[in-house]
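> Just passing along the structure, written as structure tokens.
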Amino acid sequence: MKKVILLIILFFINLQLLAGYDISKANNAYQNQEYEKARDSYGELVKKGIKNFNLFYNLGNIYFKLEEFGLARLFYERAAKFSPLDKDLNFNLELLKSRLKDKEETKETFFSHIFKKIYYLLSINMLAIFVLICFILIMFTIVLVILANKSSTKKVMKVFMVVLSILFMIFLIFTVARLHEFHNKDFAVIINETVFAYSGPSKDFQQVFTIHEGLKVRIEKFDKDWLLIKLQSGNGGWIEKERIKII
Amino acid sequence: MHRFQLFLTGFVILFIKTPLQMVLGSFQCFVVRKDFQGEKVLFIVIFVFIFSLAFAKSDEIIVSSYVDKTELSMDDNLILTIEIESEKDIKTEPTIPQLTQFQFVSQSSSSSTSIEFINGKYSKSLSKKFIYTLRPLKAGEFTIPSILVKYRNKEYHTKMIKVKIKPSRFNVAPEVTSPKGTGREIFLEAVCSKKVAYIGEPIIVTYKLYSRKNLVGINAEQFPEFSGFIKEETYQAQSISYHLEVKNGLQYYCYKISEFTLFPTHSEKFYIKPMELICAYKVQPKSFFDFGTTKRVNVRSNKLIIDSNDLPIQNQPADFSGAVGEFHINSNLNTTQVKAGESITLTVTISGKGNIKMFEPPSFPKINNIDTFPPEISDILTDSHKTQGEKIIKYILIPNEPGDYKIPELTFSYFDPEQKQYKKISTEILKFNVQASNKIVDKQYYRTPKGIDIQGLDICFIRTENSIEDFSFVFQHFVYWLFVFISLLSILLAHIYHLERKKRFQDRAYLMRRMANRILQKDIVKVKKSISEQKVDKFFVLAENALKNYIANKFNISSGSAKIRDIIEVLHNKGADKRLINDVKNFLVMTDQARFGGSKYNEEKIRAELTNLDDIIHRIGKMKFRRNK
Chain A
-17 MKKVILLIIL FFINLQLLAG YDISKANNAY QNQEYEKARD SYGELVKKGI
33 KNFNLFYNLG NIYFKLEEFG LARLFYERAA KFSPLDKDLN FNLELLKSRL
83 KDKEETKETF FSHIFKKIYY LLSINMLAIF VLICFILIMF TIVLVILANK
133 SSTKKVMKVF MVVLSILFMI FLIFTVARLH EFHNKDFAVI INETVFAYSG
183 PSKDFQQVFT IHEGLKVRIE KFDKDWLLIK LQSGNGGWIE KERIKII
Chain B
633 MHRFQLFLTG FVILFIKTPL QMVLGSFQCF VVRKDFQGEK VLFIVIFVFI
683 FSLAFAKSDE IIVSSYVDKT ELSMDDNLIL TIEIESEKDI KTEPTIPQLT
733 QFQFVSQSSS SSTSIEFING KYSKSLSKKF IYTLRPLKAG EFTIPSILVK
783 YRNKEYHTKM IKVKIKPSRF NVAPEVTSPK GTGREIFLEA VCSKKVAYIG
833 EPIIVTYKLY SRKNLVGINA EQFPEFSGFI KEETYQAQSI SYHLEVKNGL
883 QYYCYKISEF TLFPTHSEKF YIKPMELICA YKVQPKSFFD FGTTKRVNVR
933 SNKLIIDSND LPIQNQPADF SGAVGEFHIN SNLNTTQVKA GESITLTVTI
983 SGKGNIKMFE PPSFPKINNI DTFPPEISDI LTDSHKTQGE KIIKYILIPN
1033 EPGDYKIPEL TFSYFDPEQK QYKKISTEIL KFNVQASNKI VDKQYYRTPK
1083 GIDIQGLDIC FIRTENSIED FSFVFQHFVY WLFVFISLLS ILLAHIYHLE
1133 RKKRFQDRAY LMRRMANRIL QKDIVKVKKS ISEQKVDKFF VLAENALKNY
1183 IANKFNISSG SAKIRDIIEV LHNKGADKRL INDVKNFLVM TDQARFGGSK
1233 YNEEKIRAEL TNLDDIIHRI GKMKFRRNK
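From first to last, the protein sequence lines stand for chains A and B.
So that you can map any letter, position 73 of the first sequence is 55 in this note's numbering, and since no number is skipped, the others follow by simple counting.
This note's numbering runs 632 ahead of the 1-based position in the second sequence.
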């Protein structure tokens, strides 16, 4: 029995070791202000499809230092999907927004602020674990209800079951909502310095507005090489696909 | 009552519009028929009428086209009308083919509805008219081709119309002007100050309308777009105002429509679409009874072609920031004597002609012991074209230490499109003196209101963890689902266990087996009590009972009637070994005998028997266990 436990522990340690990627070189390059070298080094990991808050955050910083504000915004926004309330990230993002040509207005009331704090308090994984814990406890209470001989124990267990079920539903709804948001591909960042938007999916249409690098927009429609985007103000326009990157 | 129903039926029929009403109408007829036994004929008539009406209701439309006259001169306009008749309000438009001999002057549409009752029959028709005013361009005989109207995937064609156009009676050029309309009645002219320009070089584009007639109305039909330029609208006509201007020896009313200053943003050959206006003027009354009419003409400007060139890369100074034109620079300080910690303002003015709004100010060099802040920039444009003016840049400097300071010359580069070369201008070297502040608190005084002295903002540092893991959701891991599975399984197992237990409790033998140990414990306590009370007779009775009860409970036989032989037989049947059977037999025989001659047993012997009893019971307990296995 002891051997089995030991094997399981070793298995998990191995798993941890396998999953890790060494980024010390890139970090050192950043510290020595060799931003281009650091960018390439981190970029390789991104190409491999690795998703990690630190990776995206650090890359955002590098692009900020290289003054490629569009890509900096892109990676900050990607990092924000993992940890939306991270203080460093939000500070950098605000600083970045102040450097952009197009100003964005963020209207935040007291209640929306509180809601945001609660909504993003736990990470998706933490929420999922809470869902699991609630589920296990519900099952446990059900087992006790089945096996208990005394009717008073059964009553107490049933009360517990109701409370746990409510908690379970709350956590489950939060998890599903957050997951939906995580996989949302509706938002994109402008990466070209100046982008003209037209009233239709071609340059022959009337030019309706001009936007600049780093602006976050909502994608409404796809049409081959053109995208219909919507600004915060509600104005919509068609732009070429390669001028933006989806977060 | 019958009459009322009949009336109702007629009413429904009259307003049949939708299939639902049709069904209702039929139903109504059915009801009427039931009551009106004698008037079946009427019912049939009504019924047939409803269905004929329903099937007659089709989506067909009638399209026709006609002109107001088939013979006209070059001075007249031809009015082409396309009429679409339908029963419903439909949304379709005729497709007008390219008519090379004519020019479209105006287009309008109207619609009318007519409702008719003929012999009580209701019919509604909608007619939509599309009216096109055409102006002939050439004399001769022409055919207006058949016009296509598409409706619900069906195509409808009109008949062709032949039109004869006679030469002009007055031999005057037509009023609608071609772009280069010198010597014409009305024409719109677009003029640009330069045909070839560098990126960032201002180009002034002016639209002027020339007319020999006094205009009463000007409407914009199409405005040009200037994609690829930064556009400054410098003039836009708000009302119809004119001045007289002589052009090609003729005097014209000149209406300035709009004026733009354009700055190209990239190199390309730009074609600017013409501006289109609709002008209205009064035609002089020809007789006393003629009150004169207003005529409208469509005017189009000439196309503009602007070629924008890249700035030369050769010899481009490092500090060049996009300024194109001709500029001067000068600088001054608001004071030359300050105390440490106080601010001093350096004002740099770049004045001249060019794209003043579009370039960056010179950067301020770093000077030891002087704090600088991002400069305050204001653009003042003095002329109407927004190409002349000055850029005022204010740098706020705060020296920290006393001493003499020198502001080095600030250089600024621009491109001179006239001489086609880059030019560098610079400010003079400025000096100022900083005195020690007479109060030591002064420095603190300056700093305290602001709290902490912030030199600049930068992003937070990177995360320095040297190892990262690929993000994955916990529920992507099998362990997560293993937990879910186990907990679900536990319910199943609990349920199975519960059912099994319920079944067993209904089984008396099982219950007794379960109870055997508990009863034994009680019996043993009694036995021990008898020893401590030194009641030898009672001990043997209790010990025998304890053993008999235990075996009886264990193997489901009645304890009361159990004789030694029965017990041995049961034990034998249950597969006990011979030694155990022997021991049990001996013990029981011993107790039987002892009950009648118990005096020969002393306490020591009784205790030995007690351990013997314990041993036997232990072995029976084990035996049962083995068997179950």
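Ideal Cβ positions, reconstructed from N, Cα and C, are used throughout, including at glycine.
#1: Could you name the residues of chain B that residue 121/A contacts, counting a contact when the two beta carbons are closer than 8 Å?
#2: In chain order, what residues of the same chain lie with their CB nearer than 6 Å to the CB of residue 968/B, ignoring the 5 residues before and after it?
#3: For residue 157/A, collect the residues of the same chain with a Cβ closer than 6 Å to its Cβ; drop the 5 residues on either side in sequence, then sort them by chain order.
#4: Mind checking which residues open and close the alpha helix (DSSP H) that includes residue 123/A?
#5: Of the residues 1151/B, 887/B, 1053/B and 792/B, which one's Cα is nearest the Cα of residue 850/B?
#6: Pull up the DSSP beta-bridge partners for residue 710/B, would you.
#7: Which chain B residues are close to residue 96/A, counting only those with a beta carbon under 7 Å from its beta carbon?
#8: When the Cβ atoms of the stretch 1123 to 1140 of chain B are set against those of the stretch 133 to 147 of chain A, are three or more pairs found closer than 8 Å?
#9: How is the alpha helix (DSSP H) around residue 1205/B delimited, first residue to last?
#10: Examine chain A for any beta-carbon lying closer than 8 Å to the beta-carbon of residue 900/B, and answer yes or no.
#11: Would you please state the rounded distance, in angstroms, between the beta carbons of residue 1210/B and residue 1148/B? I believe it to be under 8 Å.
#12: Using a Cβ-Cβ cut-off of 8 Å, state whether residue 141/A counts as contacting chain B.
#13: Considering only residues of the same chain and omitting the five flanking positions on each side of residue 45/A, which have a CB-CB separation below 6 Å?
#14: Given 8 Å as the limit, is there contact between the stretch 194 to 201 of chain A and the stretch 73 to 88 of chain A, that is, 3 or more CB pairs closer than that?
#15: I want to verify the contact list: residues of chain A whose CB lies under 8 Å from the CB of residue 1126/B, in sequence order.
#16: Is any beta-carbon of chain E found at less than 8 Å from that of residue 189/A?
#17: At least one CB of chain A closer than 8 Å to the CB of residue 1116/B: is that the case?
#18: Report the rounded CA-to-CA distance for residue 1043/B versus residue 999/B, giving the unit in angstroms.
#19: Do you know how far the Cα of residue 1127/B is from the Cα of residue 128/A?
#20: Is the beta carbon of residue 831/B closer than 8 Å to that of residue 897/B?
#21: Mapping DSSP to helix, strand and coil, what is residue 1042/B?
#22: Considering only C-alpha positions, which residue in the set 33/A, 40/A, 221/A and 22/A is nearest to residue 1096/B?
#23: Along chain A, which residues have their Cβ under 7 Å away from the Cβ of residue 1092/B?
#24: So that I know if they touch, is there some Cβ in chain A lying closer than 8 Å to that of residue 1095/B?
#25: May I ask which residues mark the beginning and end of the beta strand (DSSP E) holding residue 981/B?
#26: Which residue from 193/A, 215/A and 217/A puts its Cα closest to that of residue 226/A?
#27: Between the Cα of residue 1069/B and those of 1049/B, 1033/B, 1101/B and 1104/B, spot the shortest distance and give me the residue it belongs to.
#28: Does any residue of chain A have a CB that is nearer than 8 Å to the CB of residue 975/B?
#29: With residue 1011/B as the anchor, note down where its beta strand (DSSP E) starts and where it stops.
#30: Closer than 8 Å by beta-carbon distance: list the chain B residues that pair up with residue 2/A, in chain order.
#31: Using 8 Å as the threshold, is the C-beta distance between residue 731/B and residue 797/B below it?
#32: Have a look at the DSSP bridge pairing and note the partners of residue 795/B.
#33: Nearest by alpha-carbon distance to residue 60/A: which of 24/A, 7/A, 119/A and 170/A is it?
#34: Determine, for residue 1142/B, whether the minimum Cβ-Cβ distance to residues of chain A falls below 8 Å.
#35: Rounded to whole angstroms, what's the CA-CA distance from residue 811/B to residue 963/B? Just pull it up for me.
#36: Report all residues from its chain with a CB closer than 7 Å to the CB of residue 848/B; omit the five preceding and five following residues, and keep chain order.
Walking through what the data contain:
#1: 1119, 1120, 1122 and 1123
#2: 1064
#3: 109, 110 and 113
#4: 106 to 129
#5: 887/B
#6: 766/B
#7: In chain order: nothing, as chain B lies at least about 25 Å away.
#8: no
#9: 1196 to 1205
#10: no
#11: About 23 Å separates the two Cβ atoms, so there is no contact after all.
#12: no
#13: 53 and 54
#14: yes
#15: 124, 125, 128 and 129
#16: Looking at the structure shown, chain E is missing, and the protein chains on hand are A and B.
#17: yes
#18: 16 Å
#19: 7 Å
#20: yes
#21: coil
#22: 40/A
#23: 70, 73 and 74
#24: yes
#25: 976 to 986
#26: 193/A
#27: 1033/B
#28: no
#29: 1008 to 1013
#30: 1099, 1100 and 1101
#31: no
#32: 774/B
#33: 170/A
#34: no
#35: A caution first: residue 811/B carries a pLDDT of 42, below 50, which makes its placement in the model too unreliable to give a value.
#36: 912, 913, 914 and 926
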